[in-house]
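Written below as C-alpha cells is the structure these notes are about.
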DNA sequence: CGGTATCCCCTTGGATACTG
DNA sequence: CAGTATCCAAGGGGATACCG
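Protein chains in written order, with the UniProt record's numbering: chain U, 1 to 117; chain S, 1 to 117.
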C-alpha cells in the first residue's frame with residue numbers, strides 16, 4: 001500500500017463539486033430530479049418541494065442557473081409565466097446523481113441499521 | 001409530461017443521503033477517498049487533508065463511523081496506534097462516489113465556463 | 001403567478017492551544 | 001501520536017409577510 005500524496009486536495013477537488021455543492025445548497029439535488037421530466041414552472045416545483053420556503057427554492061434555482069445546470073425562461077404571456085429546465089450539463093449530472101439514489105435505495109436498510117446502533 | 005407528485009419528498013429522500021450528507025459534513029467524501037487504498041492512521045490522513053483542522057477531521061471520522069462507513073481500530077501497541085478503514089458499506093459507497101468524480105473531471109471545463117459567465 | 005424582503009437562529013466549520 | 005477544548009465568525013436556511 002503506497003503512501004498518500006501530500007497534494008491530493010490542494011487545488012479544488014473534483015469531489016467538492018458533488019451535486020449538493022455544485023448547486024451550492026442542500027436542495028439542489030431534489031430540484032434537479034424534479035426537472036427530469038422536462039420544463040417546469042416555479043409553482044409546479046413548489047408542489048413536490050413543499051418543504052422548501054420560496055426563498056430557498058429561488059436561491060437554489062438561481063444557483064443552479066449560475067452554474068449552468070438549469071435554464072430559466074420567461075415568457076411574455078398575458079399571465080406571467082416562467083419555466084425552468086435542465087441544460088445539457090444538468091442532464092449529464094443526472095446520471096451520477098441517479099447512481100447515488102440507486103445506491104441509497106439498495107443500502108437503505110444497512111444505513112438505517114448503522115444509524116440505530 | 002405528467003404532473004409532479006405532491007409527496008415526492010415527504011419522507012426522508014434517498015438523495016438527502018448523498019455522500020456529503022451521509023457523512024454529515026463537507027469533508028466526508030475526501031476522507032472516504034483517502035481510505036480507498038486500505039487502513040490509514042490518523043496522522044496519515046492529515047497529510048493529504050492538510051487543510052482540515054484536527055477538530056474537523058475527527059468530527060468527520062466519527063460521523064462516518066457512526067453511519068457505518070468506517071471502522072476505527074485502536075491497537076494496544078507501546079506507541080499509541082489507531083487506524084481507520086472502510087467497511088463493506090463504505091466500499092460500496094465508493095462506486096457512486098467515483099462516478100461523480102469522473103463526471104466532474106469530464107465536465108470540468110464546462111463547469112468553469114459556466115461559473116465564469 | 002413568481003417571486004422579494006426581513007428577521008433571526010443555529011449549525012458548520014476555521015484557528016488555536018492544549019492533553020493523556 | 002491521536003486527538004480535545006474553547007472561542008468565534010460566517011452564512012445557510014427557516015418563518016413570515018409583502019410586492020409587481
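Using N, Cα and C, we set each Cβ at its ideal position, and we do this for glycine too.
Answer with yes or no whether the minimum CB distance from residue i to chain S is below 9 Å.
i, result
"residue 18/U", "The predicted position of residue 18/U is uncertain, since its pLDDT is 44 and thus under 50; a value taken from the coordinates is nonetheless stated next. Output row for residue 18/U: interface = yes."
"residue 53/U", "no"
"residue 86/U", "no"
"residue 61/U", "no"
"residue 71/U", "no"
"residue 25/U", "no"
"residue 66/U", "yes"
Cβ of residue i less than 9 Å from any chain U Cβ?
i, result
"residue 111/S", "yes"
"residue 99/S", "yes"
"residue 115/S", "yes"
"residue 102/S", "yes"
"residue 57/S", "no"
"residue 95/S", "yes"
Just to check my reading of the structure: residue i and residue j have Cβ atoms closer than 8 Å, yes? What is that Cβ distance to the nearest angstrom?
i, j, result
"residue 58/U", "residue 69/U", "Not quite, the Cβ-Cβ distance comes to about 15 Å (not below 8 Å), so this is no contact."
"residue 61/U", "residue 84/U", "6 Å"
Within the continuous beta strand (DSSP E) that includes residue i, where are the two ends?
i, result
"residue 86/S", "81-86"
Compare the C-alpha of residue i against each of the options and name the closest.
i, options, result
"residue 64/U", "50/U, 47/U, 35/U", "35/U"
"residue 101/U", "26/U, 33/U, 89/U", "33/U"
"residue 40/U", "96/U, 108/U, 112/U, 81/U", "81/U"
"residue 92/U", "46/S, 27/S, 103/S, 72/S", "103/S"
"residue 52/S", "97/S, 108/S, 28/S", "28/S"
"residue 25/S", "90/S, 56/S, 45/S", "56/S"
Going by DSSP, what residue range makes up the alpha helix (DSSP H) through residue i?
i, result
"residue 72/U", "Element bounds for residue 72/U: not the alpha helix (DSSP H) but the beta strand (DSSP E), 70-75."
"residue 28/U", "28-34"
"residue 113/S", "108-116"
"residue 54/S", "54-66"
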